[in-house]
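Data block below; observations after.
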Amino acid sequence: MPSRCPLLCRLATLLCVWALCQAHSDTELPPGTPIIQLRLAGDKRKHYEGRVEVYYNGEWGTVCDDDFSIHAANILCRELGYVEAVSWSPSSKYGKGEGRIWLDNVHCSGQERTLAQCKSNGFGVSDCKHSEDVGVVCNQRRIPGFKFISSFTNSVEQPLVRLRGGANIGDGRVEVLKNGEWGTVCDDNWNLKAASVVCRELGFGSAKEALAGGRLGQGMGPVHMNEVECSGFEKSLTECYFNRDALGCSHEEDAAVRCNVPAMGFQNKLRLSGGRNPFEGRVEVLVEKNDSLVWGTVCSDSWGTMEATVVCRQLGLGFASNAFQETWYWPGDVRADDVVMSGVRCSGTEMTLAQCLHHGKHLHCPRGGGRFAAGVSCSESAPDLVLNAQVVEHTTYLEDRPMYILQCANEEHCLSSSAATATPSSYRRLMRFSSQIHNNGQSDFRPRAAHNSWVWHDCHRHYHSMEVFTHYDLLSLNGTKVAEGHKASFCLEDTQCEEGIEKRYECANFGQQGITVSCWDTYRHDIDCQWIDVTDVVPGDFIFQVVINPNYEVAESDYTNNIMKCRCRYDGHRIWTYNCHIGERLDDNSGDYWLQQY
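Using mature numbering (1 follows the signal peptide of the UniProt record, and there is no 0), the letters of the sequence shown map in sequence onto residues -23 to -1, 1 to 575.
The structure is reproduced here in structure tokens:
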């Protein structure tokens, strides 16, 4: 018995600590306690240290170091799930923050359950500068049994759930929205129970597969959830237990699902004919004509990647790899040569080709069917390009350059139209920045154009494989373009890759071009044409927008992450971007909607 006592005592102690932590998490805060969220940010080396930032009233801000103490640091670290604080640092040791300074003259006794209960000047009442932002170092040991529960009173907002990167309806990488930012779920403990909760939350049946290891592509941004544990009966993934400390998780471990989707019979109304394999061929549609069902072709006028994407989805063949406007090399059924569908326009999200816009009974197809009918090729994998928004935000600046060294750039239309009448001694004002484009998909991103159609550019001394790869635009707050003259054509190469991945593409010496999976192509701020000409722009507030693969020339698994938007301020002497994020494209009439996000 004496030999067992230490073990039993330690077990009893752990159970008491666990019960205390559970009670700490489950007990509601006193009425009127401000709802906040905390994070450690800035220039840091470890996940348990950093600049203190507080999310309050829909906005992240910092804490001033005036009167801050180890008691306040202890409260903060425990609120983040660490056992205690080791130290705290004044004078913006982890870099200067941005935005509001939410708290100043913070006084904690050490007994508070949240930093919001400590005495202070009040939220937003401060005479500090960001040079006084406080930082902390927490003990890296976690509180035993500490769980982040979505129903905890101090949570800021309920996450939303979406699927990205899947080829078919009900397939995709699981992403959750937390504090206005989409992030992924780590695959630790990921199983069919958790996957089924996601599927039912999105309106599907149970899950047929829970995928781990980034099988449906790697996301970007934070990993919001780790070690998810569901009973399988929750209405939302947010009701499951999870740990938001994603230490050790990378996007190579992003969780995904394949949901059971009711059989709708869509595949019986479409087929590919004449191809060398089941994944390619001329598109043929089954329609009713003269009280009977007949097969016919689709007019190829304006037929493109979005339309091909819907065809591949409807047939369950994965992603589109190519859209063809001529199919003479795929001799289909001659009885199906007649055009039965024309004017097809798809957004790319439709489940069937019939759901896309089309002409209906009044067909119009000057090219006719047969050899000019629409065709597709499908693939089980696809690339997925994502812009690194932080790189853009951290590298934006102004440069004034004389016209006499910009003649080459002017010939390539990298300057605004007013440069045509500018004197050689005059200056152009350029908004410069770096762009870093990652391929997070499952296959390499390759230009559609063949080698023999690439264009030689004297300015850059290499071939450009895509004349329209990325658009850079400066927009007014209502979405109207205010600047012209920017880089459009690109050479594609692997600038750098993740550890263990070899570079395959380079621009030099007429080499193969593209972006390998898990590699990225970086266009530095100091290379020619990597700018927007803002010489004629009046100072003010703007929207900076970058769109990758804007014409959908190359098929991808996800286009929603091809657009980056930033708020931009130009005071006539300086320019800076902030609040950069990946999101939907901002069209000319959608500026007001986008601004509501800030």
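Don't be surprised by glycine CBs; every beta carbon is placed ideally from N, CA and C.
Computed from a predicted model, the values in this text were never measured in an experiment.
Query - Runs of beta strand (DSSP E) lying entirely within the segment 178 to 209, each at least 3 residues, in chain order - result: Fully enclosed beta strand (DSSP E) runs of 3 or longer: 184 to 188, 200 to 206.
**Report entry** Range covered by the beta strand (DSSP E) that runs through M380
**Finding:** In the sequence shown, the residue the question calls residue 380 occupies position 403. Boundaries cannot be given for M380, as no beta strand (DSSP E) includes it and DSSP labels it neither H nor E.
Query raised in the report: Would the segment 201 to 221 and the segment 162 to 174 be scored as touching if the rule is three or more Cβ pairs under 8 Å?
Result: A contact exists between the segment 201 to 221 and the segment 162 to 174.
Query raised in the report: For the candidate residues I520, K480, D314, Q302, whose alpha-carbon lies nearest to that of V262?
Result: For the purposes of this step, residue 262 is identified with residue 285 of the sequence shown, where counting begins at 1. Comparing C-alpha distances from V262 to each of I520, K480, D314, Q302 shows the shortest one belongs to D314.
Query raised in the report: Is H228 helix, strand or coil by DSSP?
Result: Within the sequence shown, the letter at position 251 stands for residue 228. Of the three classes helix, strand and coil, the one that applies to H228 here is helix, per DSSP.
Requested in this report: Would you give the residue range spanned by the alpha helix (DSSP H) that L140 belongs to?
Outcome: If you number the sequence shown from 1, residue 140 lands on position 163. No alpha helix (DSSP H) contains L140, which is instead part of the beta strand (DSSP E) from 138 to 142.
Query raised in the report: Under 7 Å between the Cβ atoms of W167 and A232?
Result: Position 190 of the sequence shown holds residue 167. Position 255 of the sequence shown holds residue 232. Contact: yes.
**Report entry** Length of the line joining the Cα atoms of R77 and A397
**Finding:** On the sequence shown, residue 77 is found 100 positions in, with the first residue counted as 1. On the sequence shown, residue 397 is found 420 positions in, with the first residue counted as 1. Taken atom to atom, the span from the alpha-carbon of R77 to that of A397 is near 44 Å.
Query raised in the report: Taking C-alpha atoms, which residue in T373, H341, L334, G491 lies nearest to I414?
Result: Against the sequence shown, residue 414 aligns to sequence position 437. With distances taken between Cα atoms, I414 lies closest to G491.
**Report entry** Neighbour-count burial assignment, Y71, 16 or more Cβ in a 10 Å radius
**Finding:** By one-based count along the sequence shown, residue 71 stands at place 94. Y71 should be labelled buried.
**Report entry** Own chain, CB closer than 7 Å to W553, minus 5 neighbours either side, in chain order
**Finding:** Taking the sequence shown and counting its residues from 1, one reaches residue 553 at position 576. Around W553, the same chain offers T373, R546 as residues with beta carbons nearer than 7 Å, after the five sequence neighbours per side are excluded.
Report task. Tell me whether the beta-carbon of V205 lies closer than 7 Å to the beta-carbon of C217. Result -> Sequence index remark: in the sequence shown, residue 205 carries index 228 (1-based). Sequence index remark: in the sequence shown, residue 217 carries index 240 (1-based). Yes, these two residues count as a Cβ contact at 7 Å.
Report task. Take the Cβ of R425 as the centre, count every other Cβ of all protein chains shown within 10 Å, and call the residue buried at 16 or more, exposed below. Result -> For this step, residue 425 is matched to residue 448 along the sequence shown. Per the 10 Å Cβ criterion, exposed.
Report task. Output the distance between the C-alpha atoms of V(-7) and G58, rounded to the nearest integer angstrom. Result -> Residue numbering aside, residue -7 sits at position 17 when the sequence shown is read from its first letter. Residue numbering aside, residue 58 sits at position 81 when the sequence shown is read from its first letter. Model confidence at V(-7) stands at a pLDDT of 32, short of 50, so the residue's coordinates are unreliable and nothing is read from them.
Query raised in the report: Taking all protein chains shown into account, do 16 or more other C-beta atoms lie within 10 angstroms of the C-beta of I559, making it buried, or fewer, making it exposed?
Result: Residue numbering aside, residue 559 sits at position 582 when the sequence shown is read from its first letter. By the 16-neighbour rule on beta-carbons within 10 angstroms, I559 is buried.
**Report entry** Best match in G157, I509, Y25, C557 for proximity to Q367 [C-alpha to C-alpha]
**Finding:** Within the sequence shown, numbered from 1, the residue matching residue 367 stands at position 390. Selected option, being the one with the closest Cα: C557.
Requested in this report: Say whether the segment 273 to 289 touches the segment 315 to 333, bearing in mind that this needs 3 or more beta-carbon pairs closer than 8 Å, one atom from each stretch.
Outcome: Output reads yes: the segment 315 to 333 touches the segment 273 to 289.
Report task. At 3 residues or longer, and completely inside the segment 222 to 288: list those beta strand (DSSP E) runs for me, N to C. Result -> Counting whole runs of 3 or more residues, the segment 222 to 288 contains the beta strand (DSSP E) stretches 233 to 236, 247 to 251, 257 to 266, 269 to 275.
Query - Residue range of the beta strand (DSSP E) that includes residue 606 - result: Residue 606 is absent from the model: the chain starts at -23 and stops at 575.
Requested in this report: Mind the definition here: the segment 47 to 67 touches the segment 77 to 97 only if three or more C-beta pairs lie below 8 Å; say whether that holds.
Outcome: The segment 47 to 67 makes contact with the segment 77 to 97; the number of CB pairs closer than 8 Å reaches 3 or more.
Query raised in the report: Looking at the unbroken beta strand (DSSP E) that takes in Q522, where does it start and where does it end?
Result: For the purposes of this step, residue 522 is taken as residue 545 along the sequence shown, with counting starting at 1. Annotation for Q522: the continuous beta strand (DSSP E) segment containing it runs 517 to 525.
Query raised in the report: Ends of the alpha helix (DSSP H) at R409?
Result: By 1-based counting over the sequence shown, the position of residue 409 is 432. Looking at the DSSP string, R409 is not in any alpha helix (DSSP H); the run it does join, the beta strand (DSSP E), is 404 to 409.
Query raised in the report: Would you say the segment 300 to 315 touches the segment 358 to 365, given that touching needs at least three Cβ pairs under 8 Å?
Result: Between the segment 300 to 315 and the segment 358 to 365, the count of Cβ pairs shorter than 8 Å is below three; the stretches do not touch.
Requested in this report: Please name the residue, chosen from G309, H24, R150, that lies closest to A187 on a Cα-to-Cα basis.
Outcome: Indexing the sequence shown from 1 puts residue 187 at position 210. Closest option to A187, Cα to Cα, is R150.
Requested in this report: Ignore the nearest five residues each way along the sequence and tell me which others in V500's own chain have a CB closer than 6 Å to its CB.
Outcome: As a first step, residue 500 must be located in the sequence shown, where it is residue number 523. In the sequence as presented, Val is not what sits at residue 500; that position holds Tyr. Cβ within range, chain order: S412, Q507.
Requested in this report: Decide if K106 is buried, meaning its Cβ has at least 16 other Cβ atoms within 10 Å, or exposed.
Outcome: The sequence position of residue 106 within the sequence shown is 129, counting from 1. Counting the other Cβ atoms within 10 Å of the Cβ of K106 gives fewer than 16, which makes it exposed.
Query raised in the report: Under a three-way DSSP split, which group does C342 fall into?
Result: Working through the sequence shown from its first residue, we reach residue 342 at position 365. It is coil, neither helix nor strand.
Query raised in the report: Are the C-beta of H558 and some C-beta of chain B separated by less than 7 Å?
Result: This model lacks chain B altogether; it includes just one protein chain.
Query raised in the report: If we count the other Cβ atoms within 10 Å of its Cβ and call it buried at 16 or more, is K480 buried or exposed?
Result: Counted from its first residue, the sequence shown places residue 480 at position 503. By the neighbour-count rule (16 or more Cβ atoms within 10 Å), K480 is not buried but exposed.
Query - Selection from S495, L270, N203 that minimises the alpha carbon distance to N220 - result: The residue given as residue 220 occupies position 243 in the sequence shown. Ranking S495, L270, N203 by Cα distance to N220 puts N203 first.
Report task. Give the secondary structure of W540 by DSSP, where H, G and I count as helix, E and B as strand, and everything else as coil. Result -> As a working mapping, residue 540 is identified with position 563 in the sequence shown. In the sequence under discussion, the amino acid at residue 540 is Ile, which differs from the Trp named in the question. In this structure, DSSP gives I540 an extended state, which the three-state scheme calls strand.
Query raised in the report: Between which two residues does the alpha helix (DSSP H) harbouring T372 extend?
Result: Looking up residue 372 in the sequence shown gives position 395. Here the alpha helix (DSSP H) through T372 covers 366 to 372.
Report task. Would you check if there are 3 or more beta carbon pairs closer than 8 Å linking the segment 284 to 298 to the segment 142 to 156? Result -> Touching, per the Cβ criterion.
Query - S393 burial status per 10 Å Cβ neighbour count (16 or more: buried) - result: Locating residue 393 in the sequence shown gives position 416, counting from the first residue. S393 should be labelled buried.
Report task. Take Y555 and list the residues in its own chain whose beta-carbon comes closer than 6 Å to its own, dropping the five residues that flank it on each side. Result -> Taking the sequence shown and counting its residues from 1, one reaches residue 555 at position 578. Close CB contacts of Y555 within its chain, under the 6 Å cut and outside five residues either way in sequence, are with R544 (chain order).
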